[in-house]
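Residues 1 to 129 (full-length UniProt numbering) are what the sequence shown spells out, left to right.
Note that beta-carbon positions come from the ideal geometry of N, C-alpha and C, so glycine has one too.
All values reported here derive from a predicted model rather than from experimental measurement.
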Amino acid sequence: MLCYDEENSRRSSHGFIRKTRCLTKKEGLSQEALAQKLNVTRQSISKWERGEAKPDSAHLIHLTQIFQTSLEDSVETIPTHFRLRRYSIPILIVLTFIASFYLHIVMTVSCFWLLIAMGYFLYRLLSLI
1 MLCYDEENSR RSSHGFIRKT RCLTKKEGLS QEALAQKLNV TRQSISKWER GEAKPDSAHL
61 IHLTQIFQTS LEDSVETIPT HFRLRRYSIP ILIVLTFIAS FYLHIVMTVS CFWLLIAMGY
121 FLYRLLSLI
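See the structure below:
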């Protein structure tokens, strides 16, 4: 969903919530009127428009109904780093297990070869006596 940004005289691809300013102008709604429809304060609407806060899911659904848009529009505009954050913890856990398993194998093999080297050293030492 693109909305014309009159301040910059260009098409804006800001996030869905930041588009509320443009959509309220397009629908002829003031922040106060939109706040009354959503049962929130005007300051909440202002924070949403500035990107300082985000509405909860119930308000987001109500916004999509007021502006006759779809939830897909709001989901598509979520930045990639927010979508990836959901997967970062499980990926980090898996990578930690892989690294610890690798280190376990390396340490086991190292200890094995150290024991063999020590045995060989003792064998050579005892054969000299």
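Whose CA, out of Phe97, Thr64, Ser127, lies closest to the CA of Glu27?
Start at 1 with the first residue of the sequence shown, and residue 27 comes out as number 27. Here the closest residue by C-alpha is Thr64.
Do Phe67 and Leu23 have their C-beta atoms within less than 8 Å of each other?
Numbered from its first residue, the sequence shown carries residue 67 at position 67. Numbered from its first residue, the sequence shown carries residue 23 at position 23. Yes, these two residues count as a Cβ contact at 8 Å.
Any idea what DSSP makes of Gly28, helix, strand or coil?
Here residue 28 refers to the residue found at position 28 when the sequence shown is read from its first residue. Coil at Gly28, not helix or strand.
If you measure between the beta carbons of Ser44 and Ala33, is that distance less than 8 Å?
Against the sequence shown, residue 44 aligns to sequence position 44. Against the sequence shown, residue 33 aligns to sequence position 33. No, Cβ-Cβ distance for Ser44 and Ala33 is not below 8 Å.
Which residues in the same chain have their Cβ closer than 6 Å to the Cβ of Arg50, if we skip the five residues on either side of it in sequence?
Your numbering for residue 50 matches position 50 in the sequence shown. If we look at Arg50 and ignore the five residues flanking it on each side, it has no Cβ neighbours.
Would DSSP call Lys54 helix, strand or coil?
For the purposes of this step, residue 54 is taken as the residue at position 54 of the sequence shown. Three-state result, Lys54: coil.
Look at the Cβ atom of His62, then the Cβ atom of Leu29, and state whether they are nearer than 8 Å.
If you number the sequence shown from 1, residue 62 lands on position 62. If you number the sequence shown from 1, residue 29 lands on position 29. No.
Can you grab the Cα-Cα spacing for the pair Pro55 / Arg86, in whole Å?
Counting from 1 along the sequence shown, the entry for residue 55 is found at position 55. Counting from 1 along the sequence shown, the entry for residue 86 is found at position 86. Using only the alpha carbons, I get a separation of about 19 Å.
Where Pro90 and Phe101 are concerned, what is the direct C-alpha to C-alpha distance, given to the nearest angstrom?
Along the sequence shown, read from residue 1 onward, the residue named residue 90 stands at position 90. Along the sequence shown, read from residue 1 onward, the residue named residue 101 stands at position 101. Near 17 Å, if we compare the C-alpha coordinates of Phe101 and Pro90.
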